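**Student:** If you number the sequence shown the way numbering that gives the first Met the number 0 does, the last residue is 151 and the count never jumps.
Structure provided below as structure tokens; questions to follow.
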Amino acid sequence: MLSVFFDGVPAPGSPKDSLIDDRGRRKSAPDTARRIRYGEHGPYAAKLCDGCHLRGGSFKLIMPIEELCFHCHTITVDRKKVHGPLASGGCRVCHEPHGSSFRLLLTSESREFCVRCHATEDVLKREVHRDNPMECTDCHDAHASDNEHLLK
0 MLSVFFDGVP
10 APGSPKDSLI
20 DDRGRRKSAP
30 DTARRIRYGE
40 HGPYAAKLCD
50 GCHLRGGSFK
60 LIMPIEELCF
70 HCHTITVDRK
80 KVHGPLASGG
90 CRVCHEPHGS
100 SFRLLLTSES
110 REFCVRCHAT
120 EDVLKREVHR
130 DNPMECTDCH
140 DAHASDNEHL
150 LK
């Protein structure tokens with residue numbers, strides 16, 4: 000239980016509802032903490048919370064979320080086409096800030112991930128997408144490209 004209080008991560012083997020208070024409300028620990036299996040964001044894993052959050056146990060960020068990820072991560076956006084969420088600083092549309100069960104801290108598996116915003120029926124209109132086991136990112140860059148449809 001102390002683990003939840005200090006870092007938002009329930010102790011291994013603790014019940015799923017350990018993030019619920021006596022009144023049945025969710026505690027302030029991040030929702031992602033319950034799902035972390037694949038990997039954790041480096042600063043989060045090292046408990047360097049003040050790299051992103053104000054000191055003193057605050058959940059407030061040190062700068063606007065639209066700028067925060069670029070403080071450490073260099074992503075080339077000087078291309079003709081930039082993915083909408085990236086262009087607006089919405090990294091959290093695709094990535095979890097603390098940890099994820101999926102590679103690259105994504106919010107879900109990549110094929111199902113893209114169709115959350117890009118309608119499946121629109122994607123399947125193109126023959127190359129039908130019955131194709133490839134990942135979207137095999138052909139498309141998730142961040143930016145000089146080509147239409149963010150093709151690599």
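We put the beta carbon where it would ideally sit given N, CA and C, even for glycine.
Treat the numbers as computed from the prediction; the structure is a model and nothing was measured.
Which word fits Leu67, buried or exposed, when buried means at least 16 other C-beta atoms lie within 10 angstroms of its C-beta?
**Tutor:** On the sequence shown, residue 67 is found 68 positions in, with the first residue counted as 1. That one is buried.
**Student:** What are the boundary residues of the alpha helix (DSSP H) that Glu120 is part of?
**Tutor:** Residue numbering aside, residue 120 sits at position 121 when the sequence shown is read from its first letter. That run of the alpha helix (DSSP H) goes Thr119 to Val122.
**Student:** Checking 7 Å against the spacing of the C-beta atoms, do His94 and Leu85 come in under that value?
**Tutor:** As a working mapping, residue 94 is identified with position 95 in the sequence shown. As a working mapping, residue 85 is identified with position 86 in the sequence shown. In this structure, Leu85 does not lie closer than 7 Å to His94 by Cβ.
**Student:** Taking only the alpha-carbon atoms, compute the straight-line gap between Asp30 and Gly88 and give it to the nearest angstrom.
**Tutor:** The residue given as residue 30 occupies position 31 in the sequence shown. The residue given as residue 88 occupies position 89 in the sequence shown. Unreliable placement is indicated for Asp30, whose pLDDT of 47 sits below 50; the coordinate value is still reported in the next sentence. Taking the straight line joining both Cα atoms gives about 21 Å.
**Student:** Quick check: what's the CA-CA separation for Cys51 versus Arg125?
**Tutor:** Position 52 of the sequence shown, counted from the start, is the residue given in the question as residue 51. Position 126 of the sequence shown, counted from the start, is the residue given in the question as residue 125. Their Cα atoms are separated by approximately 41 Å.
**Student:** When the Cα atoms are used, what is the spatial distance from Gly83 to Lys46?
**Tutor:** Sequence index remark: in the sequence shown, residue 83 carries index 84 (1-based). Sequence index remark: in the sequence shown, residue 46 carries index 47 (1-based). Looking at the two C-alpha atoms, the distance is approximately 31 Å.
**Student:** Taking all protein chains shown into account, do 16 or more other C-beta atoms lie within 10 angstroms of the C-beta of His142, making it buried, or fewer, making it exposed?
**Tutor:** For the purposes of this step, residue 142 is taken as the residue at position 143 of the sequence shown. Classification of His142: buried, given that the 10 Å Cβ count is 16 or more.
**Student:** Quick check on DSSP: helix, strand or coil for Ser109?
**Tutor:** In the sequence shown, counting from the first residue as 1, residue 109 sits at position 110. Three-state DSSP puts Ser109 in a helix.
**Student:** Quick check on the DSSP output: the alpha helix (DSSP H) that includes Gly83 runs from which residue to which?
**Tutor:** Here residue 83 is taken as the residue at index 84 of the sequence shown, counted from 1. Element bounds for Gly83: Gly83 to Ala86.
**Student:** Do the CB positions of Phe98 and Glu134 come within less than 7 Å of each other?
**Tutor:** On the sequence shown, residue 98 is found 99 positions in, with the first residue counted as 1. On the sequence shown, residue 134 is found 135 positions in, with the first residue counted as 1. Checking the sequence, you will find Gly at residue 98 rather than Phe. The answer is no: Cβ separation not under 7 Å.
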